[in-house]
Amino acid sequence: MIIKLEDGKELAIERANKKSLKLTLSTRSTSMVTYLDKATNAALIAALKVEAPKE
Numbered sequence: 791m792i793i794k795l796e797d798g799k800e801l802a803i804e805r806a807n808k809k810s811l812k813l814t815l816s817t818r819s820t821s822m823v824t825y826l827d828k829a830t831n832a833a834l835i836a837a838l839k840v841e842a843p844k845e
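Whatever position you read off the sequence shown (first residue = 1), add 790 for the working numbering.
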C-alpha cells in the first residue's frame with residue numbers, strides 16, 4: 791500500500807514477513823525504512839481500517 795502525503799512524501803507499507811510490516815517514508819532525495827513488531831503492526835492495521843466517507 792502506498793499513501794501519498796500532502797507534502798509530496800510517500801509512505802509505503804508492505805509485509806516484511808509473517809510478524810512484521812516494513813514502512814518506507816520517501817522524499818525526492820532520501821528514504822527512511824523501519825520495521826514494526828507484531829503489536830505495533832496490529833495497532834496500525836486497526837487504524838488504517840477506517841471506513842471511507844460515502845458520497
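Don't be surprised by glycine CBs; every beta carbon is placed ideally from N, CA and C. What you are looking at is a predicted structure, and each value in this text was computed from that prediction instead of being measured.
Check                                                                                           : Outcome
With 16 other Cβ atoms within 10 Å as the buried cut-off, status of residue 838                 : exposed
Residue interval of the alpha helix (DSSP H) (run including residue 828)                        : 828-838
When 816, 821, 836, 827 are compared against residue 809, the one with the closest alpha-carbon : 827
CA nearest to the CA of residue 796, picked from 821, 817, 823                                  : 817
CB of residue 822 within 9 Å of CB of residue 815, strictly                                     : yes
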